[in-house]
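Structure record follows, encoded as structure tokens.
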Amino acid sequence: MLFIASTAYGGNPDRQGEAGAPELLLNPWAASSGLHTLNTSSISGLESMRLNIAGLSRLENRELIFANTRLYEGSTLKLNAFGYAQKVGESSAFGISLMSVDFGDIARTTTLDPEGDGGVFSPSFFNIGFGYSYTYENRISVGFLFRGVSESLPNISAFGFAVDAGVQYVTGPQDNFRLGISLRNIGSPMRFGGEGLSFQGDNPEGTAQYLLTYDQRSEKFELPSVLNIGISYDFHLNEKMMLRTLGNFTSNAFSRDQIGAGAEFVFNDMVTLRGAYKTDFGDAGAFKDNIYSGLAAGASVILPVSAGGKGKIGIDYGYRATNPFRGTHNFSLRLIF
């Protein structure tokens with residue numbers, strides 16, 4: 190995986206804007222969003238399906254998450270997500286996750302009615318992922334994920350597939366040190382097609398006057414492939430308090446590379462506070478920093494709801510500063526049972 194990454198990655202701002210399916214880079218889950226999605230090495234459970242699938246097998250038993258994101262506050266964009274993950278035996282787990290983008294109603298315009306014809310439409314962007322992860326001797330976890338990607342407008346659509354792969358390594362006297370590597374959104378190019386790309390034109394040959402329908406082929410576009418490499422270290426302050434520090438490097442195939450660091454404080458496995466900072470580096474060229482360069486913060490509260498503490502309910506919140514707009518707000522409801 191590292192060999193593939195070394196030949197395909199390096200942060201390429203000259204290709205910025207050339208990839209499609211940007212929703213694959215959006216994180217709908219609140220807990221990891223509060224860390225700027227930098228926890229490649231330590232993420233576990235269902236949320237790992239959006240960052241490092243290797244962490245899926247480190248969930249407790251079964252996990253169910255409903256999430257809503259107010260994307261780029263001030264716009265009408267929202268994310269809705271749902272996921273379920275379950276242990277299979279003692280060392281493996283599988284999961285399914287779904288995410289859709291809500292664009293709201295957009296006024297329909299045409300060349301004949303540039304101010305709008307009174308109608309509205311809403312694009313449909315949807316993806317579904319199926320993942321599997323296995324942990325060896327509680328030290329090394331590996332995982333693979335297969336994702337279907339669908340984008341559609343009235344009379345036009347595109348569909349493609351992407352694969353994620355990841356690995357996590359844990360060591361130390363109290364499993365303090367963690368290393369994670371993930372490779373995401375590796376797939377074949379996508380292409381839009383449908384009746385929306387056809388038009389009627391005159392017969393180019395002969396004297397008969399009639400119209401022909403011509404089909405146009407759209408250009409293919411690549412998926413936004415990403416390589417993440419992260420490390421973290423846990424400081425067990427006492428029996429009830431733990432401080433985790435982490436760092437992460439992100440290599441984007443179609444934009445500048447990013448680097449970031451963060452920390453989360455856990456009290457009694459019930460309350461978690463998070464914060465992180467991420468920035469782009471390298472020559473920006475004609476482009477400014479990524480919209481998510483800057484601060485992120487979040488919090489989680491997890492409470493037992495059954496005898497023995499096996500059943501739990503959690504509420505997660507994450508905030509990421511954006512430029513422009515007024516930030517992105519993530520909310521998640523988590524059930525562990």
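The number in the working numbering is simply the position in the sequence shown, starting from 1, with 189 added.
We put the beta carbon where it would ideally sit given N, CA and C, even for glycine.
query = Do residue 340 and residue 210 have their CB atoms nearer than 8 Å?
reply = Result yes, Cβ atoms of residue 340 and residue 210 sit closer than 8 Å.
request  = May I ask you to check if the CB of residue 313 is nearer than 7 Å to at least one heavy atom of the ligand SAM?
outcome  = Summarising the ligand content, the structure contains no ligands, and the ligand SAM is consequently not present.
task = State the Cα-Cα distance for the pair residue 343 and residue 519, rounded to the nearest angstrom.
result = Approximately 29 Å, taken between the alpha carbons.
key: Outcome for residue 324 when other beta-carbon atoms lying within 10 angstroms are tallied against a minimum of 16   = Here residue 324 is buried, its C-beta having at least 16 other C-beta atoms within 10 Å.
Cα-Cα separation, residue 250 to residue 276 = Answer to the nearest angstrom: the Cα atoms are 5 Å apart.
For residue 352 and residue 234, the rounded distance between their alpha carbons = Between the C-alpha atoms of residue 234 and residue 352 there is a straight-line separation of about 18 Å.
inquiry  = Can you tell me where the beta strand (DSSP E) holding residue 330 begins and where it ends?
reply    = 329 to 342 is the span of the beta strand (DSSP E), which, as asked, contains residue 330.
Bounding residues of the alpha helix (DSSP H) (the contiguous stretch that carries residue 220) = In this chain, the alpha helix (DSSP H) harbouring residue 220 covers 219 to 222.
task = Closer than 6 Å by C-beta to residue 458: which residues in its own chain qualify, once you throw out the five before and the five after it? Chain order, please.
result = Once the five neighbours on either side are set aside, residue 458 has no close Cβ partner at all.
message = Less than 8 Å between C-beta atoms, sequence neighbours within five positions excluded: which residues of the same chain meet that for residue 382?
response = Same-chain partners within the cutoff: 345, 346, 347, 406 and 407.
query = Does DSSP classify residue 238 as helix, strand or coil?
reply = If DSSP states are grouped into helix, strand and coil, residue 238 belongs with the helices.
task = Measuring alpha carbon to alpha carbon, tell me which of 526, 523 and 511 ends up nearest residue 264.
result = Just measuring C-alpha positions, the residue of 526, 523 and 511 sitting nearest residue 264 is 511.
request  = Grab the span of the beta strand (DSSP E) containing residue 523 for me, first residue to last.
outcome  = Segment 517 to 525, the beta strand (DSSP E) holding residue 523.
task = Throw me the rounded Cβ distance for the residue 284 and residue 227 pair, which I believe falls under 8 Å.
result = Contact annotation, residue 284 with residue 227: C-beta distance approximately 21 Å; criterion of less than 8 Å not satisfied.
query = Per DSSP, what kind of secondary structure is residue 193 in: helix, strand or coil?
reply = At residue 193, the pLDDT of 35 sits below 50, so the modelled position is not reliable; the number obtained from the coordinates is stated separately. Note: residue 193 maps to helix in three-state DSSP.
With 16 other Cβ atoms within 10 Å as the buried cut-off, status of residue 517 = Answer is buried; the Cβ neighbour count reaches 16.
query = Tell me which same chain residues have a C-beta within less than 6 Å of the C-beta of residue 241, skipping the five on either side of it?
reply = Cβ within range, chain order: 229, 232, 355, 369 and 371.
key: Of the residues 423, 315 and 266, the one placed nearest residue 295, counting alpha carbons only   = For the residues 423, 315 and 266, the minimum Cα distance to residue 295 belongs to 266.
key: Residues bridged to residue 316 [DSSP beta-bridge criterion]   = DSSP output for residue 316 lists 288 and 338 as bridge partner(s).
When 219, 223 and 206 are compared against residue 484, the one with the closest alpha-carbon = Comparing Cα positions, the closest option is 223.
query = Using CA coordinates, which residue listed in 375, 330, 384 and 452 is at the minimum distance from residue 358?
reply = Nearest of 375, 330, 384 and 452 to residue 358, Cα basis: 330.
ask   = Relative to the alpha-carbon of residue 402, which residue among 412, 411 and 391 has its alpha-carbon at the smallest distance?
value = In terms of CA proximity to residue 402, 391 leads the group 412, 411 and 391.
query = Which residue from 492, 509, 489 and 445 puts its Cα closest to that of residue 465?
reply = If we check each option's Cα against that of residue 465, 509 comes out closest.
Contact set for residue 492: own chain, Cβ-Cβ below 8 Å, skip 5 residues either direction = Within the same chain, residue 492 has close Cβ partners 459, 501, 502 and 503.
inquiry  = Within 10 Å of its beta-carbon, does residue 490 have 16 or more other beta-carbons around it, so buried, or fewer, so exposed?
reply    = Residue 490 comes out exposed.
request  = Quick one: which unbroken beta strand (DSSP E) runs of 3-plus residues sit fully inside the stretch 254 to 279? Chain order, please.
outcome  = Runs of the beta strand (DSSP E) inside the stretch 254 to 279: 267 to 277.
request  = With a threshold of 16 other CB atoms inside 10 Å of the CB of residue 439, please say whether the residue is buried or exposed.
outcome  = Answer is buried; the Cβ neighbour count reaches 16.
Cβ-Cβ distance between residue 524 and residue 253 below 8 Å = For the pair residue 524 and residue 253, the CB atoms are nearer than the 8 Å cut-off.
query = By Cβ distance below 6 Å, which residues in the same chain neighbour residue 409 in space, the five residues on each side in sequence not counted?
reply = Excluding positions up to five away in sequence, the list reads 378 and 380.
task = Compute the Euclidean distance between the alpha carbons of residue 281 and residue 291, then round it to the nearest angstrom.
result = Cα to Cα, residue 281 sits roughly 33 Å from residue 291.
task = Output the distance between the C-alpha atoms of residue 205 and residue 479, rounded to the nearest integer angstrom.
result = When rounded, the distance between both Cα atoms is 11 Å.
request  = Could you pull out every residue in the same chain whose Cβ sits closer than 8 Å to the Cβ of residue 386, ignoring the five residues on either side in sequence?
outcome  = If we look at residue 386 and ignore the five residues flanking it on each side, its Cβ neighbours are 345, 404, 405, 406 and 407.
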